[in-house]
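**Q** Residue numbers (this note's numbering): 493 to 809. Once you've had a glance at the structure underneath, I'll fire off some questions.
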């Protein structure tokens with residue numbers, strides 16, 4: 493008797509295409525949710541960055557398409573004393589302002605985390621410098637430090653401490669101090685509120701147990717607060733350094749980089765060379781020269797976080 497071939501049952505047809513993936517694969521669904529953000533980052537961040545780097549290798553000017561000149565713009569900047577002064581100003585401005593913003597912001601965060609009357613109102617008041625538009629803040633400080641109408645000079649003259657107005661924005665040293673002070677005033681709320689949010693996640697039971705063991709306030713901070721805040725500190729200070737290093741509005745509105753280029757940052761010098769002077773290639777080279785500094789700040793924060801995870805025995809996979 494011949495064997496009868498029994499037809500196998502055909503596998504049940506399933507839906508094909510992206511819709512089925514969306515229904516059965518969470519990773520695929522997450523990818524589609526990320527597409528709008530990816531498109532935004534590519535067109536508004538990656539493309540301008542790539543275009544700026546390309547322009548830095550050309551002699552492009554406003555109204556004229558440039559030609560590829562390799563590293564000539566960078567060779568020119570290497571011998572430009574004003575460029576190196578702007579590098580020094582940027583590093584000084586970033587280091588001093590970031591250090592003060594961290595110290596003052598951490599102090600305010602610890603203070604606002606305590607039980608005190610009107611705490612909600614005080615938290616809202618701390619945010620005021622950060623939510624005020626940067627240009628308005630710069631104009632306010634421009635009036636405060638004005639050589640003729642400065643309220644500081646007027647007050648000191650009324651107290652008999654000085655005989656003539658202080659030329660805050662006309663003296664190189666005073667101008668640097670003033671712009672750094674304005675940046676600190678504006679940046680402290682961001683650091684304070686972010687660190688305060690981190691403090692809210694620390695369990696009070698840890699402090700209670702440490703107090704029962706006889707720990708002082710400093711020991712509580714050193715062995716509980718600071719270690720638990722380390723990841724948040726790394727992130728917030730990375731953003732603070734990046735924002736400060738690339739600051740433009742505050743400096744340009746207050747001093748235009750003067751006096752005698754004493755407050756020129758790399759961002760303001762790039763704008764002056766590229767837009768005002770029309771040398772787009774040279775301005776793009778100055779902007780591109782900022783990338784290694786920014787990458788260094790990011791890598792320091794990243795390696796610091798990885799080292800912290802290793803010390804805590806976490807898996808970095």
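Here a beta-carbon is modelled for each residue, glycine too, at the ideal position from N, C-alpha and C.
Return the first residue and the last residue of the alpha helix (DSSP H) that residue 596 is part of.
**A** Indexing the chain shown from 1 puts residue 596 at position 104. Residue 596 -> alpha helix (DSSP H) spans 573-604.
**Q** Is residue 553 helix, strand or coil when you go by DSSP?
**A** Here residue 553 corresponds to residue number 61 of the chain shown, with the count starting at 1. In the structure shown, residue 553 sits in a strand (DSSP, three-state: E or B).
**Q** Is it the case that the Cβ atoms of residue 581 and residue 756 are separated by a distance below 8 Å?
**A** Translated into the one-based positions of the chain shown, residue 581 becomes position 89. Translated into the one-based positions of the chain shown, residue 756 becomes position 264. Going by C-beta atoms, residue 581 is nearer than 8 Å to residue 756.
**Q** Please list the segments of the alpha helix (DSSP H) lying wholly inside the segment 719-802, counting only runs of 4 or more residues, in order along the chain.
**A** 741-746, 758-763 and 772-781
**Q** Are residue 586 and residue 742 touching if we call contact CB-CB under 8 Å?
**A** The residue you call residue 586 lines up with position 94 of the chain shown. The residue you call residue 742 lines up with position 250 of the chain shown. No, the pair does not count as a contact, with Cβ atoms beyond the cut-off.
**Q** On the three-state DSSP scale, how would you describe residue 713?
**A** The residue labelled residue 713 in the question sits at position 221 within the chain shown. DSSP places residue 713 in helix when its eight states are reduced to three.
**Q** Under the three-state reduction of DSSP, which class applies to residue 610: helix, strand or coil?
**A** For the purposes of this step, residue 610 is identified with residue 118 of the chain shown, where counting begins at 1. Looking at residue 610 - three-state DSSP - the assignment turns out to be coil, as it is neither helix nor strand.
**Q** Below 8 Å on the Cβ atoms is my contact criterion, and I expect residue 550 with residue 773 to pass it. Report the Cβ-Cβ distance as a whole number of Å.
**A** Position 58 of the chain shown holds residue 550. Position 281 of the chain shown holds residue 773. Contact check for residue 550 and residue 773: beta-carbon distance about 5 Å, within the 8 Å limit, so the pair qualifies.
**Q** Under DSSP, the alpha helix (DSSP H) around residue 569 begins and ends at which residues?
**A** Residue numbering aside, residue 569 sits at position 77 when the chain shown is read from its first letter. First-last of the alpha helix (DSSP H) with residue 569: 564-570.
**Q** Would you identify the three-state DSSP class for residue 637, choosing helix, strand or coil?
**A** As a working note, residue 637 is residue 145 in the chain shown. Residue 637 carries a coil assignment under DSSP once its states are collapsed to helix, strand and coil.
**Q** Here's the rule I'm using: 16 or more other beta-carbon atoms within 10 Å means buried, otherwise exposed. How should residue 647 be labelled?
**A** The residue given as residue 647 occupies position 155 in the chain shown. Exposed: under 16 other Cβ atoms inside 10 Å.
**Q** Between the segment 650-667 and the segment 713-723, do three or more beta carbon pairs fall short of 8 Å?
**A** By the Cβ test, the segment 650-667 is not in contact with the segment 713-723, since fewer than three Cβ pairs between them sit closer than 8 Å.
**Q** Please say whether residue 691 and residue 632 have beta carbons closer to each other than 8 Å?
**A** Taking the chain shown and counting its residues from 1, the one referred to as residue 632 is at position 140. Taking the chain shown and counting its residues from 1, the one referred to as residue 691 is at position 199. Cβ atoms of residue 632 and residue 691: not closer than 8 Å.
**Q** With 16 other CB atoms within 10 Å as the buried threshold, where does residue 620 fall?
**A** For the purposes of this step, residue 620 is identified with residue 128 of the chain shown, where counting begins at 1. Residue 620 comes out exposed.
**Q** On the CB-based measure, 16 or more other CB atoms within 10 Å of its CB, does residue 535 come out buried or exposed?
**A** What you label residue 535 is simply residue 43 of the chain shown in a count that begins at 1. Exposed.
**Q** Run through DSSP, which three-state label would residue 660 get?
**A** As a working note, residue 660 is residue 168 in the chain shown. It is coil, neither helix nor strand.
**Q** What is the C-beta distance between residue 672 and residue 733, in whole angstroms, given that I count them as a contact (C-beta under 8 Å)?
**A** The residue labelled residue 672 in the question sits at position 180 within the chain shown. The residue labelled residue 733 in the question sits at position 241 within the chain shown. Contact doesn't hold; Cβ gap of about 14 Å is too wide.
**Q** According to DSSP, which residues form a beta bridge with residue 560?
**A** As a working note, residue 560 is residue 68 in the chain shown. In the DSSP output, where bridge partners are listed per residue, residue 560 has 550.
**Q** In the DSSP assignment, find the unbroken alpha helix (DSSP H) run with residue 622 in it and report its ends.
**A** To locate residue 622, count along the chain shown from 1; it is residue 130. Taken as a continuous stretch (DSSP letters only), the alpha helix (DSSP H) holding residue 622 covers 620-623.
**Q** What three-state label does DSSP hand residue 680 in the structure shown?
**A** For the purposes of this step, residue 680 is identified with residue 188 of the chain shown, where counting begins at 1. Helix at residue 680.
**Q** What residue does the alpha helix (DSSP H) around residue 701 start on, and which one ends it?
**A** The residue given as residue 701 occupies position 209 in the chain shown. Unbroken alpha helix (DSSP H) run through residue 701: 696-704.
**Q** Check for me: the alpha helix (DSSP H) holding residue 813 runs from which residue to which?
**A** Any question about residue 813 goes unanswered here, given that the chain covers just 493 to 809.
**Q** Could you check how far apart the C-beta atoms of residue 636 and residue 644 are, in whole angstroms? I think they sit under 8 Å.
**A** Within the chain shown, numbered from 1, the residue matching residue 636 stands at position 144. Within the chain shown, numbered from 1, the residue matching residue 644 stands at position 152. Indeed, because the Cβ distance is near 7 Å, the residues count as touching under 8 Å.
**Q** Count the other CB atoms within 10 Å of the CB of residue 764; is the residue buried (16 or more) or exposed (fewer)?
**A** By one-based count along the chain shown, residue 764 stands at place 272. A residue is called buried once 16 or more other Cβ atoms fall within 10 Å of its Cβ, and residue 764 is buried on that count.
**Q** Please state whether the Cβ-Cβ distance between residue 737 and residue 785 is less than 8 Å.
**A** Counting from one through the chain shown, the residue named residue 737 turns up at place 245. Counting from one through the chain shown, the residue named residue 785 turns up at place 293. For residue 737 and residue 785, yes; Cβs fall inside 8 Å.
**Q** So what's residue 655 in DSSP terms, helix, strand or just coil?
**A** Counting from one through the chain shown, the residue named residue 655 turns up at place 163. In the three-state DSSP reduction, residue 655 falls in the coil class, being neither helix nor strand.
**Q** Measure the beta-carbon distance from residue 687 to residue 598 and round it to whole angstroms, keeping in mind my assumption that it falls under 8 Å.
**A** Walking along the chain shown from the start, residue 687 turns up at place 195. Walking along the chain shown from the start, residue 598 turns up at place 106. About 6 Å; that satisfies the 8 Å criterion.
**Q** Tell whether a beta-carbon distance below 8 Å holds between residue 657 and residue 639.
**A** Walking along the chain shown from the start, residue 657 turns up at place 165. Walking along the chain shown from the start, residue 639 turns up at place 147. The answer is yes: Cβ separation under 8 Å.
**Q** Leaving out five residues on either side along the sequence, give the residues of the same chain with a beta carbon under 7 Å from the beta carbon of residue 545.
**A** Along the chain shown, read from residue 1 onward, the residue named residue 545 stands at position 53. Correct list, in chain order: 780.
**Q** With residue 674 and residue 630 assumed to form a contact (beta carbons below 8 Å), what rounded beta-carbon distance in angstroms separates them?
**A** Along the chain shown, read from residue 1 onward, the residue named residue 674 stands at position 182. Along the chain shown, read from residue 1 onward, the residue named residue 630 stands at position 138. Right, the Cβ-Cβ distance comes to about 7 Å (below 8 Å), so this counts as a contact.
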